[in-house]
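Residue numbers (our numbering), protein chains in the order written: chain X, 1 to 126; chain U, 1 to 136.
Here a beta-carbon is modelled for each residue, glycine too, at the ideal position from N, C-alpha and C.
Worksheet: one structure, shown below.
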């Protein structure tokens with residue numbers, strides 16, 4: 001930390017606040033996306049357990065309507081952003097070397113975007 | 001100020017990975033680290049879940065093949081793990097929302113909220129595990 005090298009001008013009101021200033025935005029986004037994923041999970045669980053016929057027809061039928069496709073896609077996009085914020089927090093907390101951290105963050109983005117594209121492809125096949 | 005900065009003072013760093021088992025975490029701490037572990041596990045399992053979803057939804061034939069795959073003990077075990085991860089993440093997340101509203105932050109309440117999350121997760125997980133292994 002740079003605080004140890006120039007402590008005299010880094011205290012009180014002179015404290016240097018660094019960062020990308022995405023803290024509040026991500027804090028809020030994490031809660032909004034969580035609410036979307038949570039509500040989707042409950043809705044899907046209730047439909048699958050109570051409303052749908054057992055077997056392939058009933059299960060695939062859930063995702064046949066445009067409304068459910070859009071809700072599923074919405075939950076998926078929320079999940080991708082939620083996972084990005086969460087996994088990036090893990091890298092920022094535990095991985096200090098910048099090069100490795102950048103590599104892991106790039107891997108995370110590619111992993112999530114690939115999953116998103118694949119999921120859209122699956123979803124619109126029904 | 002200069003006198004203070006000259007003195008060598010004890011530094012308290014993050015817990016090192018080798019020290020983890022020596023620390024006795026309170027229930028809220030267990031919930032917190034498992035929130036992270038469950039989230040990371042679901043992140044890594046995302047392609048697997050998509051593969052299962054793909055098979056379940058593509059055709060009558062792929063659905064039947066999926067049902068055969070689900071007979072495997074290993075797949076059932078993975079699903080049990082994922083069910084736990086999802087439920088823990090959900091309940092720990094709900095506790096997070098209450099914390100945002102400054103509910104359950106005092107020392108004793110924090111401990112009981114932590115225990116409540118662990119118990120709710122375990123209870124729902126057991127139901128999910130029984131369902132996965134076909135008990136009902």
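Item                                                                                                                                                                       : Value
Is there a Cβ of chain U sitting closer than 8 Å to that of residue 91 (chain X), yes or no?                                                                               : no
So for residue 71 (chain U), helix, strand or coil by DSSP?                                                                                                                : coil
Name, going along the chain, the residues of the segment 72-94 of chain U whose beta-carbon falls closer than 7 Å to a beta-carbon of chain X.                             : 90, 93
May I have the straight-line CA-CA distance separating residue 27 (chain U) from residue 77 (chain X), to the nearest angstrom?                                            : 32 Å
Evaluate the contact criterion for the segment 93-105 of chain U versus the segment 122-134 of chain U: three or more CB pairs, one atom per stretch, below 8 Å.           : no
Between the segment 18-33 of chain U and the segment 75-83 of chain U, do at least 3 Cβ pairs fall closer than 8 Å?                                                        : no
Would a check of beta-carbon distances place residue 23 (chain U) closer than 8 Å to chain X?                                                                              : no
Are the segment 78-92 of chain X and the segment 50-70 of chain X touching by the rule of at least three beta carbon pairs closer than 8 Å?                                : no
DSSP state of residue 96 (chain X), grouped into three classes?                                                                                                            : coil
Cutting at 7 Å between CB atoms, please list the residues of its own chain near residue 93 (chain X), excluding the five before and the five after it.                     : none
If you measure between the beta carbons of residue 109 (chain X) and residue 57 (chain U), is that distance less than 8 Å?                                                 : no
Could you name the residues of the segment 45-63 of chain X whose beta carbon sits closer than 7 Å to any beta carbon of chain U, in the order they occur along the chain? : 56, 59, 60, 63
Return yes when the Cβ of residue 45 (chain U) is within less than 8 Å of the Cβ of residue 87 (chain X), no when it is not.                                               : no
With DSSP collapsed to three states, give me the class of residue 134 (chain U).                                                                                           : coil
For residue 61 (chain U) versus residue 115 (chain X), is the C-beta spacing smaller than 8 Å?                                                                             : no
Looking only at C-alpha atoms, which of U:133, U:9, U:8, U:15 sits nearest to residue 75 (chain U)?                                                                        : U:133
Checking contacts by CB at 8 Å: is residue 123 (chain U) closer than that to chain X?                                                                                      : no
Which full runs of the alpha helix (DSSP H) of 4+ residues lie inside the segment 3-91 of chain X, going along the chain?                                                  : 23-46, 56-62
Tell me whether residue 35 (chain U) sits in a helix, a strand or coil according to DSSP, three-state version.                                                             : helix
Could you check what DSSP says for residue 10 (chain U) in three-state terms: helix, strand or coil?                                                                       : coil
Where residue 53 (chain U) and residue 119 (chain X) are concerned, what is the direct C-alpha to C-alpha distance, given to the nearest angstrom?                         : 9 Å
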